[in-house]
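Participant: First residue of the sequence shown: 98, per the working numbering; consecutive thereafter.
Mind having a look at this structure? Questions to follow.
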Amino acid sequence: MNKVINVALIGCGRVAGHHARSIKNIPDYAHLVSVCDLVDDRRNKLGKTHNVPTYNNYFEMLDKHPEIDVVSIITPSGMHYEHASDVIVNYKKHVIIEKPMFMTLGQGEELKQKAHNSGVEIFPVFQYRFNKAVQKIRETRNNNELGKIFLATVRTRWCRPQRYYDRDPWRGTYSHDGGALTNQGIHHLDLLRYLAGEVKKVNAQMKTFGVHVEIEDTVVANLEFESGAIGIIEITTAARPDDFESSISVLGDK
């Protein structure tokens, strides 16, 4: 019989509701133990909805619930590294980290080493991989039905107006947001590597057109993959007045 995995959440914003519901939907495999957030209303609302204890300090939560196996980090992007480090190093717990996992590659390498030293795993949230169309492309690629891949492209034309960035003080900042590529486009970049392989070279331009923020809202890039294939990235959150498109294409010689 499989052990039921005990999960706690750090961060009770909008995305936390998806995590909590997903855990509740698989009672034979996972159990929601507790939630934590600095904002009283958010924390209490989520705790009441799912009938679990709430905390405003995750050290206290982890001290009081040693049965926790995994902690989901669902805080602002720039806080992921600090929160995950605390959980891994001090409590030796596995972590699930929402996208983007980190703000820099260096943070990722450091946390990977800390997890190895603590004997735990890091699970990034890239749920787009489980899209049926994506799985079909992956299957056809693995079966060599596409042949040799020579071109892979991503096009994301979304709308994130100024009010989106003004909603929280961390949005639109280098330290905690990272920009359209890191925050909104990260799922599509993951799919590009998932379907076409590792990237060897990048040549990119990044600009801000639609909002007053520190980070870019528009990126275009040319890629060369390790396989020799080439690719194109076009990601923007400056589309107006609504989202227009989110697509990925993979072409092979078959």
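Glycine included, C-beta positions come from ideal geometry on N, C-alpha and C.
Any chance you could list the beta strand (DSSP E) runs of at least 3 consecutive residues sitting entirely within the segment 205-231, in chain order?
Facilitator: You should have 219-221.
Participant: Count the other CB atoms, across all protein chains shown, that sit within 10 Å of the CB of Gly276; report buried if there are 16 or more and exposed otherwise.
Facilitator: Mapped onto the sequence shown, residue 276 falls at position 179. By the 10 Å Cβ count, Gly276 comes out buried.
Participant: Give me the Cα-Cα distance between Val310 and Asn280, rounded to the nearest whole angstrom.
Facilitator: Looking up residue 310 in the sequence shown gives position 213. Looking up residue 280 in the sequence shown gives position 183. Spanning the two alpha carbons is a distance of roughly 14 Å.
Participant: Going by CA-CA distance only, name the one from Ile165, Gln259, Glu236 that's closest to Tyr188.
Facilitator: Your numbering for residue 188 matches position 91 in the sequence shown. Comparing Cα-Cα distances from Tyr188 to each of Ile165, Gln259, Glu236, the minimum goes to Ile165.
Participant: What does the alpha-carbon distance come out to for the pair Ala318 and Ile330?
Facilitator: Translated into positions along the sequence shown, residue 318 becomes position 221. Translated into positions along the sequence shown, residue 330 becomes position 233. Whole-angstrom Cα-Cα distance: 5 Å.
Participant: Only counting the same chain, and skipping five residues up and downstream in sequence, which positions put a Cβ closer than 7 Å to that of Lys351?
Facilitator: Residue mapping note: residue 351 aligns to position 254 of the sequence shown, counting from 1. The answer, listed in chain order, is Glu242, Leu243, Gly244.
Participant: Report the rounded CA-to-CA distance for Ala181 versus Pro221, giving the unit in angstroms.
Facilitator: Taking the first residue of the sequence shown as position 1, residue 181 is located at position 84. Taking the first residue of the sequence shown as position 1, residue 221 is located at position 124. When rounded, the distance between both Cα atoms is 11 Å.
Participant: Taking DSSP as the reference, what is the three-state secondary structure of Met200?
Facilitator: Translated into positions along the sequence shown, residue 200 becomes position 103. Met200: coil per DSSP, three-state reduction.
Participant: Given 8 Å as the limit, is there contact between the segment 124-137 and the segment 100-108, that is, 3 or more CB pairs closer than that?
Facilitator: yes
Participant: From the DSSP output, which residues share a beta bridge with Met303?
Facilitator: Position 206 of the sequence shown, counting from 1, holds the residue named residue 303. Beta-bridge pairing links Met303 to Val316.
Participant: My guess is that Ile185 and Val217 are in contact by the Cβ rule of under 8 Å, so how many angstroms apart are they, rounded?
Facilitator: Here the question's residue 185 lines up with position 88 in the sequence shown. Here the question's residue 217 lines up with position 120 in the sequence shown. About 6 Å; that satisfies the 8 Å criterion.
Participant: Assuming the contact rule is C-beta atoms closer than 8 Å, Lys297 and Glu321 should be a hit. Round their C-beta distance to whole Å, please.
Facilitator: As a position in the sequence shown, residue 297 is number 200, starting the count at 1. As a position in the sequence shown, residue 321 is number 224, starting the count at 1. Sure, about 5 Å apart at Cβ, within 8 Å.
Participant: Are the beta-carbon atoms of Leu292 and Ile345 separated by less than 9 Å?
Facilitator: Taking the first residue of the sequence shown as 1, we reach residue 292 at position 195. Taking the first residue of the sequence shown as 1, we reach residue 345 at position 248. In contact: Leu292 and Ile345 (Cβ atoms closer than 9 Å).
Participant: Val186 lies in the alpha helix (DSSP H); which residues open and close that run?
Facilitator: Counted from its first residue, the sequence shown places residue 186 at position 89. 177-188 is the extent of the alpha helix (DSSP H) around Val186.
Participant: Are Ile324 and Ile246 closer than 9 Å when you measure CB to CB?
Facilitator: Counting from 1 along the sequence shown, the entry for residue 324 is found at position 227. Counting from 1 along the sequence shown, the entry for residue 246 is found at position 149. It should be pointed out that residue 324 corresponds to Ser in this sequence rather than to Ile. The answer is yes: Cβ separation under 9 Å.
Participant: Who does Leu248 pair with in a DSSP beta bridge?
Facilitator: What you label residue 248 is simply residue 151 of the sequence shown in a count that begins at 1. For Leu248, which the question treats as bridged, DSSP gives the partners Ile327, Leu348.
Participant: Measuring CB to CB, does Arg140 end up less than 9 Å from Val132?
Facilitator: For this step, residue 140 is matched to residue 43 along the sequence shown. For this step, residue 132 is matched to residue 35 along the sequence shown. In contact: Arg140 and Val132 (Cβ atoms closer than 9 Å).
Participant: Give the C-beta separation of His284 and Phe341 to the nearest angstrom, bearing in mind that I take them to be a contact with Cβ-Cβ under 8 Å.
Facilitator: If you number the sequence shown from 1, residue 284 lands on position 187. If you number the sequence shown from 1, residue 341 lands on position 244. Wrong, their Cβ atoms sit about 17 Å apart, outside the cutoff.
Participant: Do you know offhand how far Leu106's Cα is from Arg264's?
Facilitator: Your numbering for residue 106 matches position 9 in the sequence shown. Your numbering for residue 264 matches position 167 in the sequence shown. If I take the Cα positions, the gap works out to 22 Å.
Participant: For Arg254, write down the residues that DSSP places opposite it in a beta bridge.
Facilitator: For this step, residue 254 is matched to residue 157 along the sequence shown. Partner(s): Thr333, Glu342.
Participant: Between the beta-carbon of Gly282 and the beta-carbon of Thr253, is there less than 9 Å?
Facilitator: Against the sequence shown, residue 282 aligns to sequence position 185. Against the sequence shown, residue 253 aligns to sequence position 156. Closer than 9 Å, so yes.
Participant: Using a Cβ-Cβ cut-off of 6 Å (strictly less than) and excluding sequence neighbours within five positions of His191, which residues of its own chain qualify?
Facilitator: Within the sequence shown, the letter at position 94 stands for residue 191. Closer than 6 Å at Cβ, skipping near neighbours: Val167, Val217, Glu218.
Participant: Taking Gly349 as the reference, give the member of Tyr155, Val231, Ala326 with the closest Cα.
Facilitator: Walking along the sequence shown from the start, residue 349 turns up at place 252. Minimum Cα distance to Gly349 is reached at Ala326.
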